[in-house]
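Heads up, the thing below is written out as structure tokens.
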Amino acid sequence: MFLNKTLSYLQGATVCASVYSLFAISVDRFLGICCPMRWHLSSRGTRFLVTSIFSLSLTFYFRLVQTEIKIYSLVLMCGQQNIISNMASPCS
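Its first residue numbered 1, the sequence shown is counted upward by one per residue in full-length UniProt numbering.
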């Protein structure tokens, strides 16, 4: 059970990391094209960028999982029928 939750979390976090990596690559290419003589990312900067991307993805995805857990626990506490009936008629 624990391994299943951990693998699910890591799978989502790596998806977030790949999106952030593609964004970083596109910004790097944009700056390389617009400022070819001035823009150069060193190996130290690259290591910092990769570490930051994975740290941010682990942090942001953890917050997303926490939010989903809170919503799911509210559904369990309030009862699914009550929430569905309130969503169907929000004015009453």
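Yeah, the Cβ is synthetic: ideal placement off N, Cα and C, and Gly gets one too.
Give me the Cα-Cα distance between residue 93 and Leu41, rounded to the nearest whole angstrom.
Residue 93 cannot be examined here, being either before or after the span of the chain that is shown, 1 to 92.
In or out: Ser57 buried (at least 16 other Cβ within 10 Å) or exposed?
For the purposes of this step, residue 57 is taken as residue 57 along the sequence shown, with counting starting at 1. Buried, by the Cβ-count rule.
What does the alpha-carbon distance come out to for the pair Tyr20 and Tyr61?
For the purposes of this step, residue 20 is taken as the residue at position 20 of the sequence shown. For the purposes of this step, residue 61 is taken as the residue at position 61 of the sequence shown. Spanning the two alpha carbons is a distance of roughly 12 Å.
Determine the direct distance from the alpha carbon of Ala24 to that of residue 94, and round the result to whole angstroms.
Here the chain covers residues 1 to 92 and nothing more, so residue 94 does not appear.
CA-to-CA distance, Gly45 to Ser35, given in whole angstroms:
In the sequence shown, residue 35 corresponds to position 35, counting from 1. In the sequence shown, residue 45 corresponds to position 45, counting from 1. Inspection of the sequence shows that residue 35 is occupied by Cys rather than by Ser. Approximately 17 Å between the Cα atoms of the pair.
Rounded to whole angstroms, what is the Cα-Cα separation between Ser52 and Ile33?
On the sequence shown, position 52 is the one that residue 52 refers to. On the sequence shown, position 33 is the one that residue 33 refers to. Near 24 Å, if we compare the C-alpha coordinates of Ile33 and Ser52.
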